[in-house]
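Just below is one structure, and these are the notes that go with it.
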């Protein structure tokens, strides 16, 4: 298990670094973050990722072969499915399988996770193999999609390492070109803040999810003015917070993956 958190930038651009939030964090501070690898016995990669009260189980399944439309291309495929447990929130929601229809939000987040992971995958190096990431929210307290991306990358890396050791991926091929992590940012009470829990998310004037590679390039930026428009300076402040936050998460992912495989028991990385 690896855990993380703490201040990411040392100061917020508008000078509000001394402002404390309801949970006692500074505006530029992540919630406590924990990454636990090999959380399940099954799965070529499995990770429990925790961002404060948000807990997401990410499991990578490696399958030889690709979807029909991909056959003969010599390239692999990485995709994701996202779901929430019925009681992941304060009140129970019916399972989408019972309702007989997958909701639009679920589809959107599943596609986001898949796109984010494929941004750092060399599908030619993967060969005609498929890796599916199942991301199930056990408990939701804001930032479930960004937590899912951050945890899913670690599960994906373990699945790729397993496939390489089993010679299902040709030796010497670099499947993962970079790492990928994500974090939420927003403007709450006029202050740009990092990693919003639910109580901040529901009243944020601006809400944004930012996905970056380990080298600092942007994969996706999703931003919405919920209650009031934001200006260029506020956008820059939010992106600065996000980039610093994902850099901290990238370091945490690396720490988790650096833990020795040992006997296959779970390893944790925890941000101080």
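In the working numbering, the protein residues as written are 12 to 283.
Note that CB positions come from ideal geometry on N, CA and C, so glycine has one too.
Values in this document were obtained by computation on a predicted structure and should not be read as measured data.
Going by C-alpha positions, residue 50 is about 43 Å away from residue 242. Contact between the region 153-163 and the region 182-202 is established, with three or more Cβ pairs separated by less than 8 Å. Non-local beta-carbon contacts of residue 169 in its own chain, meaning distances under 8 Å to residues more than five positions away in sequence, involve 48, 49, 55, 56, 57, 58, 71 and 268 in chain order. Apart from sequence neighbours up to five positions away, the residues of its chain that approach residue 61 with a beta-carbon distance below 6 Å are 45, ordered along the chain. Around the CB of residue 181, fewer than 16 other CB atoms lie within 10 Å, so the residue is classed as exposed. Scanning the region 185-256 for uninterrupted alpha helix (DSSP H) segments of 4 residues or longer gives 209-212, listed from N- to C-terminal end.
Contact check for residue 121 and residue 93: beta-carbon distance about 4 Å, within the 8 Å limit, so the pair qualifies. If you look at residue 174, you'll find it in the alpha helix (DSSP H) that goes 155-176.
Distance check between residue 216 and each of 110, 229, 235 and 145 places 235 closest, using alpha-carbon atoms only.
Taking 3 residues as the minimum length, the beta strand (DSSP E) runs contained wholly in the region 46-124 are 56-62, 65-75 and 88-95, in order along the chain. Listed in chain order, the non-local C-beta contacts of residue 53 below 8 Å within the same chain comprise 70, local neighbours out to five positions each way being set aside. With respect to the 8 Å criterion, residue 91 and residue 125 are classified as neighbours on the basis of their beta carbons. Within the same chain, and ignoring the five residues on either side of residue 117 in sequence, the residues whose Cβ sits closer than 7 Å to its Cβ are 93, 94 and 107.
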